[in-house]
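As structure tokens, the structure follows; a few thoughts come after it.
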Amino acid sequence: MRIATWNVNSVNARLETVLAWFEEASPDVACLQEIKCIDEKFPAEAFERLGYNVAVHGQKTYNGVAMLSKTPLEDVRKGLPGDDGDEHARYIEAVVSGPSPVRVCGIYLPNGNPIGTEKFTYKLGWMKRLNTHARGLLALEEPLVICGDYNVIPEPEDADKPEGWLGDALFQPESRGAFRALKNLGLTDAYMQLDGTPGGYTFWDYQAGAWPRNHGIRIDHHLLSPQAADRLRAVDIHRDVRGGEKPSDHVPVVIELAL
DNA sequence: ATGGCAAGTGAAACTTGA
1 MRIATWNVNS VNARLETVLA WFEEASPDVA CLQEIKCIDE KFPAEAFERL
51 GYNVAVHGQK TYNGVAMLSK TPLEDVRKGL PGDDGDEHAR YIEAVVSGPS
101 PVRVCGIYLP NGNPIGTEKF TYKLGWMKRL NTHARGLLAL EEPLVICGDY
151 NVIPEPEDAD KPEGWLGDAL FQPESRGAFR ALKNLGLTDA YMQLDGTPGG
201 YTFWDYQAGA WPRNHGIRID HHLLSPQAAD RLRAVDIHRD VRGGEKPSDH
251 VPVVIELAL
């Protein structure tokens, strides 16, 4: 089973590009972030034509997440528990049915910039809530994949120019610490487990020629429960997508689980 | 050293992203 995550930076502005990638890569499951539309405006029919079941947690203008799966999605949850006042659409969870079901969580973790503001506080609070929820899911002792745009650069090796990110919310000690705390619950970073080579970037800014200069960062991650990590067979960063037509600033990352 | 792009909204210029 191949499970993808991709921050598409508006699914409707990029629909042709996104569909072309789905036709070629044909993931079994995909979590999309920053769809930037309400549920009713999500192009569900286009994905259904490609054989996908669709679950959407949308929002007008900002954020928005979706999950697509070739097999039916069960137990769909929209929104991260722990704060009923949180109106951002940043979390979707479902059990992907099949011979060996996998629970998949798609996240769009808050950016948190600029630091020293309520935005950074919101980011850290969101990470705390994710930690609490993940702890509960891990207690189920089942295959679990939490993937998405984490907006965290875990280590200096995950940035081409780490010194340029020192003042950024993505690289603050608190952000990195919260990401480590998540892993310390017993979750495995799929890329680090199977590859771990510095330079596995997943995002390049549109500005300042970041792509041609390879000024990238690794911020899109798959974290796996032990039961999922045992089945991990491959991790693939679809880097070439960044050089294509009308690209998102993030590229798809795909993992493969046995069975 | 600095800034440089893209998308949504809504119809110019602001907000957001990372």
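The UniProt record's numbering puts the first residue of the first sequence at 1, with every later residue one more than the last. The beta carbon of each residue, even a glycine, is placed where N, CA and C say it ideally should be. Fair warning: this is a prediction, and the values are worked out from it, not measured in the lab.
Taking 8 angstroms as the threshold (C-beta atoms), are residue 186 and residue 148 in contact? no
Since residue 184 is in the alpha helix (DSSP H), which residue starts that stretch and which ends it? 173-184
Outcome for residue 64 when other beta-carbon atoms lying within 10 angstroms are tallied against a minimum of 16: buried
Taking the alpha carbon of residue 248 as the point to measure from, which residue in 114, 16, 195 and 46 has its own alpha carbon closest? 16
Residues near residue 21 in its chain [Cβ-Cβ closer than 7 angstroms; skip 5 each side]: 241 and 252
Name the DSSP bridge partner or partners of residue 148? 107 and 221
Who are the near neighbours of residue 159 in its chain, counting only those whose CB is closer than 6 angstroms to its CB and skipping five residues on each side? 153, 165 and 217
Same chain, Cβ closer than 6 angstroms to residue 28, neighbours up to 5 away in sequence not counted: 1, 2 and 70
Can you list, in chain order, the stretches of the beta strand (DSSP E) that have 3 or more residues and sit fully within the stretch 19-83? 29-33, 53-57, 65-69 and 73-78
I'd like to check one pair, residue 259 with residue 231: are the Cβ atoms closer than 8 angstroms? yes
Taking C-alpha atoms, which residue in 45, 110 and 68 lies nearest to residue 87? 110
The stretch 172-186 contacting the stretch 219-236, beta-carbon criterion three pairs below 8 angstroms: yes
Residue 98, DSSP secondary structure in three states: coil
Beta-bridge pairing of residue 250 - partner residues as DSSP gives them: 203
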